[in-house]
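So for the sequence shown, our numbering puts the first residue at 586; every next one is plus one. For every residue, glycine included, the Cβ atom is placed at its ideal position computed from N, Cα and C. For clarity, every value in this text was computed on a predicted model and none was experimentally measured. Contents: one structure, followed by commentary.
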Amino acid sequence: FSAFQWDMQQIKTPQAHAITGGSRSVLVGDIDTGLDYRHPDLRANVDDANSANCLSGAPVPGMVAADDDEGHGTHTAGTIAAAANGIGIVGVAPNVRIAGIKAGNSDGYFFAQAVICAFYWAGTHHFDVTNNSYFADPWYFNCKNDPEQRAIWKAEARAIRFAQQQGVTVVAALGNFEDDLAHPTQDIISPDTGPGVVRTVHNDCVVIPVEIPGVIGVSGTGSRRLKTFYSSYGVGVTQVAAPGGDSLLQSTVATDPIGRGRVLSTYPASRPCNRRRTEPTGDPTYPTALYCYLQGTSMSSPHVAGLAALVISRFGDGKTPQNGKLAPGEVQSIRRSAARAGRATTPGSERASSTR
């Protein structure tokens, strides 16, 4: 299905793979709803020992515990590290290891105890990169003048800083509300576990994890390399723009009438998907591989997480103990030099490119 991966063509991953497809010494953590470790395009790269379920706030190790019962995490994982094995799709970094850190439940909520657990797990296990395609629930904006929200912000920021101090490059999606995060004015959905209350917000109110210092914030582009109709943005928050899909304004209906501008990636065979492609595997234990089309900055962020893994693979020192292969700041510096200035993307951003 590589012909339908307009996203990979946009960031030049075929050219990058002529240089490196990534190193087995590089470990990416997908903090998401888990991942389908049985999927034929993922199973060769899944790191069972470093996977965990963090939903309770205490990690339960192993990929079985971190299985995906929602679908979102399997999709983001495929964009990062789907293998170049002759079937389905190819991820940005098809040779790296990927671990699922299950922090999102079957309803798609990422609560504080799970997010905190996930970052401490990534830090103590010396991951190189984490992808974060979510905002931490239940508050879209966490306002520091509110005692409850301030406590959530402090605890989650502390966990993210710990991971960064252990050498973890943290990549996160900006969100799909078309907000200027540099100048927020209104939150209409929080708390998202109950009826949302419209409230005024300001620059002391932040979206977690993307607005924590040192996090690489990713906005979304469509097939025409323009900002998507839904993507949030913001000078100082957006570091890079990457493919997220845009079926409304940047459709690919002429070349892909199923996807229509969305991003194609791996998906659990047990989960429903309206826009799909399937491929027989010849394996009686997993006879059909499912691939689903989705759109959102959730799809943008894993492109950049995969790019960070390629940067570490090429420029890092795999022999350095305690994950000293490449510090997050160095990854960001090299990424900036590789990025091409975006044409009409988002304020303050560059467009992702996997070649240098």
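| Item | Value |
| --- | --- |
| Member of Ala-757, Val-822, Met-884 and Thr-866 whose CA lies at the smallest distance from the CA of Ile-672 | Thr-866 |
| Beta bridge counterpart(s) of Cys-877 as assigned by DSSP | Ser-850 and Arg-861 |
| CA nearest to the CA of Gly-619, picked from Ile-793, His-602 and Ala-703 | Ala-703 |
| DSSP three-state assignment for Leu-911, whether helix, strand or coil | coil |
| Whole-number beta carbon distance between Ser-832 and Tyr-818, since they are thought to touch under 8 Å | Not confirmed; about 19 Å, so no contact. |
| Residue of Pro-794, Gly-607, Asp-632 and Pro-625 minimising C-alpha distance to Pro-679 | Gly-607 |
| The region 706-713 touching the region 744-754, judged by at least three CB pairs closer than 8 Å | yes |
| Helix, strand or coil at Leu-895 [DSSP, three-state] | helix |
| Alpha-carbon spacing of Val-795 relative to Met-884, whole angstroms | 15 Å |
| Segment limits, alpha helix (DSSP H) that includes Thr-709 | 697-709 |
| Distance between beta carbons of Pro-723 and Asp-777, contact taken as under 8 Å | 5 Å |
| Buried versus exposed call for Pro-780 [16 or more other C-beta atoms within 10 Å across all chains shown] | exposed |
| Coil, strand or helix - Pro-906 by DSSP | Confidence in Pro-906 is poor, its pLDDT being 43 and thus under 50, which makes the residue's placement unreliable; the coordinate value appears in the next sentence. Note: Pro-906 maps to coil in three-state DSSP. |
| Burial state of Arg-928, where buried means 16 or more other Cβ atoms lie within 10 Å | Confidence is the limiting factor: at Arg-928 the pLDDT is only 47, short of 50, which leaves the residue's position unreliable and the question unanswerable from this model. |
| Residue environment, Gln-595, which counts as buried when at least 16 other CB atoms sit within 10 Å | buried |
| Residue ranges of each alpha helix (DSSP H) within the region 667-754, 4 or longer | 697-709 and 732-750 |
| Integer-rounded CB distance, given that Ala-740 should sit under 8 Å from Ala-697 | 6 Å |
| Contact between the region 807-823 and the region 636-647 (3+ Cβ pairs under 8 Å) | no |
| Separation of His-888 from Ala-666, as counted between CA atoms | 10 Å |
| Outcome for Ile-604 when other beta-carbon atoms lying within 10 angstroms are tallied against a minimum of 16 | exposed |
| 8 Å contact criterion, which Ala-527 and Ile-793 should meet: CB distance rounded | The displayed coordinates of the chain run from 586 to 941. Any statement about residue 527 would go beyond what the structure contains. |
| Contact belief for Thr-664 with Ser-836 at Cβ below 8 Å, rounded distance in angstroms | That belief does not hold up - the Cβ atoms of Thr-664 and Ser-836 are roughly 20 Å apart, past 8 Å. |
| Touch test, the region 642-659 against the region 615-634, Cβ-Cβ under 8 Å, three pairs minimum | yes |
| Coil, strand or helix - Gly-663 by DSSP | helix |
| Start-to-end residues for the alpha helix (DSSP H) that takes in Thr-605 | Looking at the DSSP string, Thr-605 is not in any alpha helix (DSSP H), and its letter there is neither H nor E. |
| Residue interval of the alpha helix (DSSP H) (run including Asp-592) | 591-595 |
| For Gly-805, the three-state DSSP class (helix, strand or coil) | strand |
| Those residues which DSSP pairs with Pro-646 across a bridge | Ala-637 |
| DSSP-derived helix/strand/coil call for Pro-828 | strand |
| One or two residues paired with Leu-612 in a DSSP bridge | Arg-682 |
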